[in-house]
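Below is one structure, written out as structure tokens; comments come after it.
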Amino acid sequence: MIIFGTKGYLYQLAILTLVCGQCGNPAAHTLRKRVTKFTLFFVPLFPISTKYLTQCTFCGAEQKVTKEQAEQLQTQSTSGPSGQAQGQPQQHDRF
């Protein structure tokens, strides 16, 4: 018997102040990286999907961003006065 599946990981890369496209408020947005890994016998082996998104802390709206946009936003956040720790796991979820 072979047991396989997927496991999701959510990393918070930065916290940015942006104008939300949904509610129009200038609010903090979290920049997150969502990685889904293939597991064999509950051991995560390799990533099968990587997605980047921002989430408004005011209204909760999420917006997908490309890897290049995420890297650009991340470099902007570290050069600003309130740079956050990068790449720290925020939570581990099963999707």
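Residue numbers for the sequence shown, in numbering that gives the first Met the number 0: 0 to 94. Glycine residues also receive a C-beta, built at the ideal position from the N, C-alpha and C atoms.
From the DSSP output, in three-state form, read off A60 for me.
In the three-state reduction of the DSSP assignment, A60 falls in the coil class.
How about the region 40-47 and the region 59-66: do they share at least three Cβ pairs that are nearer than 8 Å?
The way I'd put it, the region 40-47 doesn't touch the region 59-66; fewer than three beta-carbon pairs between them come closer than 8 Å.
Going by alpha carbons, who is nearest to T77 out of T16, Y8, Y51, I2?
Comparing Cα positions, the closest option is T16.
Could you give the DSSP three-state label for Q73: helix, strand or coil?
In the structure shown, Q73 sits in a helix (DSSP, three-state: H, G or I).
If the criterion is Cβ atoms closer than 7 Å, does the pair A13 and Q73 meet it?
Going by beta carbons, A13 and Q73 fall inside the 7 Å limit.
Report all residues from its chain with a CB closer than 7 Å to the CB of C55; omit the five preceding and five following residues, and keep chain order.
Leaving aside the five residues that flank C55 on each side, the residues in its chain whose CB is nearer than 7 Å to its CB run, in chain order, C19, Q21, C22, A26, H28.
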